[in-house]
Amino acid sequence: MVRGTIDILKRVLDESQYTVALLGSQMKEEAGFLGLKSAEKTYDIEKKYKMSPDYIFSSVYYNTRTDQFFEFYKNEIINVDLEPTESAYALAAMERAGKLQCIISNDVFELPQRAGCQNVISLRGSIYQNKCLHCGKEYSIEYIRKAKGVPLCETCNSVIRPMVYLFGEMLDSRLMTKATEEVEKADVLLCIGTDLDSETFQHYLKYFNGKKMVVIHEEEHYLDQNADIVFVDQPKNVLPKLGY
Ligand SMILES: [Zn+2]
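Numbering-wise (the numbering used here), the sequence shown opens with residue 47 and increments by one.
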């Protein structure tokens, strides 16, 4: 394992035929959204809603207390105005320069897509996709925001489902397969804003047979030794410096 420098990373990217990036939770933290399971956020939610984020953002709660679920969803998830960060724009520039072939993201805010990234797999879905599961009609995020109480389908009056992953659900198996195939193809795997023990990503790491694994995250972690190159820094302090 070596400590990363911009020069080393540029060389690795130049030599790679296929580079894939896994984006972890620090990417959305950079944009100002603390994960629901972070200590600070958990405390706030428990204080305000008298229950844990694990429960309030779960499929059980969505199905049984739909009105309270949407109150929480509208106030805490979609009324937060998150803008893509410098890191997300740097990834889009890397993609345009042919240095990045696929991005696997677990944020529901489409931060990379809104910065201009094209080939993104959003494992946990998107707050911008909302659908009536009964008749299939699709709705914008504005429709959900403006709905009084539970958003209902104009055509069939069923509840409109935000197409995001809720705790207790399975991730979309089609997307997981696609993500696995991308990781298998990669020469270089960039793990950005995540520790290698992230639950979501551990699954993918075992499919990586490429040449170099690069980790860029804020704090050192004992699993860093499994990577080839490690940056202990915020992604926004590294990616834009590549200068693509
Ligand atoms: Zn409908």
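Note that beta-carbon positions come from the ideal geometry of N, C-alpha and C, so glycine has one too.
Chain-ordered, the residues whose CB falls short of 6 Å from any heavy atom of ligand 1 come out as C178, H180, C181, K183, C199, T201, C202, S204.
With a cutoff of 8 Å on beta-carbon distance, G78 and K87 are scored as not near each other. For T65, the enclosing beta strand (DSSP E) has its first and last residue at 65-69.
Ranked by how close their Cα comes to the Cα of H180, the residues I124, Q63, H263, N203 have N203 in first place. L59 places its beta carbon less than 8 Å from that of K145. In this structure the region 224-231 does not touch the region 47-56; the number of beta carbon pairs closer than 8 Å is below three. Residue burial is scored here from C-beta neighbours: Q164 has fewer than 16 other C-beta atoms within 10 angstroms and is therefore classed as exposed. Between Q72 and T240, the C-beta gap is smaller than 8 Å, which places the two residues in contact.
A distance below 7 Å between beta-carbons, with the five flanking residues on each side excluded, links V166 to the following residues of its chain, in chain order: I149, S151, P158, Q159. Scanning the region 209-289 for uninterrupted beta strand (DSSP E) segments of 3 residues or longer gives 234-238, 258-263, 275-278, listed from N- to C-terminal end. Minimum Cα-Cα distance from T65 among the listed residues E141, E265, P99, E200 corresponds to E141. V205 sits close to T112, with the two beta carbons spaced by under 8 Å. Closest in C-alpha terms to I190, from the list L169, F115, A138, G256, comes F115.
The residues A136, A139, M140, R142, A143, K145, in chain order, have a CB closer than 8 Å to that of Y290 in the same chain once the five nearest residues on each side in sequence are set aside. If you draw a 10 Å sphere on the C-beta of N255, you find fewer than 16 other C-beta atoms in it, and that means exposed. Approximately 7 Å separates the beta-carbon atoms of T246 and L169; this is inside 8 Å, confirming the contact. Exclusion of the five residues before and after L68 leaves I150, C237, F247 as the residues of its chain whose Cβ lies within less than 6 Å of its Cβ.
Unbroken alpha helix (DSSP H) stretches of 4 residues or longer found wholly inside the region 122-195: 132-142, 157-160, 187-192, given in chain order. Separation of L242 and E75 (C-alpha to C-alpha, rounded to the nearest whole angstrom) is 17 Å. Annotation: the continuous alpha helix (DSSP H) that includes R57 extends over 52-61. Bridge partners of L198 according to DSSP: V205. Relative to the Cα of I173, the nearest Cα in the group G182, V48, G195, M209 belongs to M209. A direct Cα-to-Cα measurement between P197 and A273 gives close to 45 Å.
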